[in-house]
Each structure stands twice: as structure tokens, then as C-alpha cells.
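Trainee:
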Amino acid sequence: MDKVKTRLKKGDTVVVITGRSKGVVGEILEINGNRVYVKGANLIKKTVRPNQNMPKGGIITTEGSIHISNVMIYNKKINKGDRIGVKFVNGKKVRYFKKTGDLIDKV
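Heads up: the sequence shown at position 18 corresponds to 42 in the numbering used here, and the numbers run straight through without jumps.
1. If contacts are defined as beta-carbon pairs under 8 Å, then valine 62 and valine 95 qualify, I think. What distance do you get, rounded to the angstrom?
2. Which word fits phenylalanine 112, buried or exposed, when buried means at least 16 other C-beta atoms lie within 10 angstroms of its C-beta?
3. Would you decide whether serine 93 is buried or exposed? Buried here means 16 or more other CB atoms lie within 10 Å of its CB.
4. Taking the beta strand (DSSP E) that glycine 50 belongs to, which residues open and close that run?
5. Check serine 89 in the structure and name its three-state DSSP category.
6. Verify whether the separation of the beta carbon atoms of isoleucine 97 and leucine 32 is less than 8 Å.
7. What distance in whole Å lies between the Cβ atoms of valine 28 and glycine 105, which are believed to be in contact at a cut-off of 8 Å?
8. Have a look at lysine 34 and isoleucine 55 and give me their C-alpha separation to the nearest angstrom.
9. Are any of the Cβ atoms in chain D nearer than 8 Å to that of asparagine 114?
10. Rounded to whole angstroms, what is the Cα-Cα separation between serine 45 and glycine 81?
11. Let me know the secondary structure DSSP gives asparagine 66 once reduced to three states.
Set out below in C-alpha cells:
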């Protein structure tokens, strides 16, 4: 499977646009190839064997991965998902919101 081109980065606030967690707004915890882990989205229960951290083991709830095409960067100004554009400012490549034109990255 080919890697999907993305302009999302770890720490970006995104909204899930489809699937079981549709509408959930959270921060990207990790990007792993074509999949992302979003805080509070796609929660799954996992059985953990006994270890030093959990001497008895048990069941924990953790974030599952979501395909990168199912999330959109969240624009707080319009309270919706938005697309990302790229332009040069002072010779540096910066990301911006397509609908409002506001910069995502600091210059």
C-alpha cells in the first residue's frame, strides 16, 4: 500500500469526518504511515498481560488508529474541518486554512 501524501503533523487538532467516531475533535498523537491516532477518537478495549506497570493485568481503553483520509484539520475560527494549503512567506513554506486564509504554522 502506498503512503498517502499529507500535510497533517503530530499535534494538529483534527476532526473525524467519517466512521464510528464521526464529529470527534482531538489532537493527533501519532502518525504511522497512512494511519493516525487521534486523542479521544476510535476508543478500543485492549487486554493487557501482567507486567511491571500493571501487576494484575486487565483491560485498558486506548485510541485505535484511523485512516488519514478520514480526518480533516480543525479550524477553530469557523468551528469546522478545513482543507490545508501551502504558500511561501519570507522564503519559508507555511500551511494555511483554505477557507479563511489564516496561517496554521508560525512564520
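Built from N, CA and C at the ideal position, the CB exists for glycine as well.
Model, not experiment: these values are computed from the prediction.
Mentor: Based on what the coordinates show:
1. What you label residue 62 is simply residue 38 of the sequence shown in a count that begins at 1. What you label residue 95 is simply residue 71 of the sequence shown in a count that begins at 1. Their Cβ separation, rounded to whole angstroms, is 6 Å, which keeps valine 62 and valine 95 in contact under 8 Å.
2. Translated into positions along the sequence shown, residue 112 becomes position 88. With fewer than 16 other CB atoms across the displayed protein chains lying within 10 angstroms of its CB, phenylalanine 112 is exposed.
3. The residue given as residue 93 occupies position 69 in the sequence shown. Counting Cβ neighbours within 10 Å, serine 93 comes out exposed, since fewer than 16 surround it.
4. In the sequence shown, residue 50 corresponds to position 26, counting from 1. Here the beta strand (DSSP E) through glycine 50 covers 49–56.
5. On the sequence shown, position 65 is the one that residue 89 refers to. In the displayed model, serine 89 falls within a strand according to three-state DSSP.
6. Sequence index remark: in the sequence shown, residue 97 carries index 73 (1-based). Sequence index remark: in the sequence shown, residue 32 carries index 8 (1-based). Between isoleucine 97 and leucine 32, the C-beta gap is smaller than 8 Å, which places the two residues in contact.
7. Here residue 105 corresponds to residue number 81 of the sequence shown, with the count starting at 1. Here residue 28 corresponds to residue number 4 of the sequence shown, with the count starting at 1. About 17 Å; that fails the 8 Å criterion.
8. Taking the sequence shown and counting its residues from 1, one reaches residue 34 at position 10. Taking the sequence shown and counting its residues from 1, one reaches residue 55 at position 31. Computed Cα separation, rounded: 7 Å.
9. As a matter of chain content, chain D is missing from the structure shown, which is built from one protein chain.
10. Along the sequence shown, read from residue 1 onward, the residue named residue 45 stands at position 21. Along the sequence shown, read from residue 1 onward, the residue named residue 81 stands at position 57. Distance between the alpha carbons of serine 45 and glycine 81: 27 Å.
11. Taking the sequence shown and counting its residues from 1, the one referred to as residue 66 is at position 42. Residue state, collapsed to three classes: coil.
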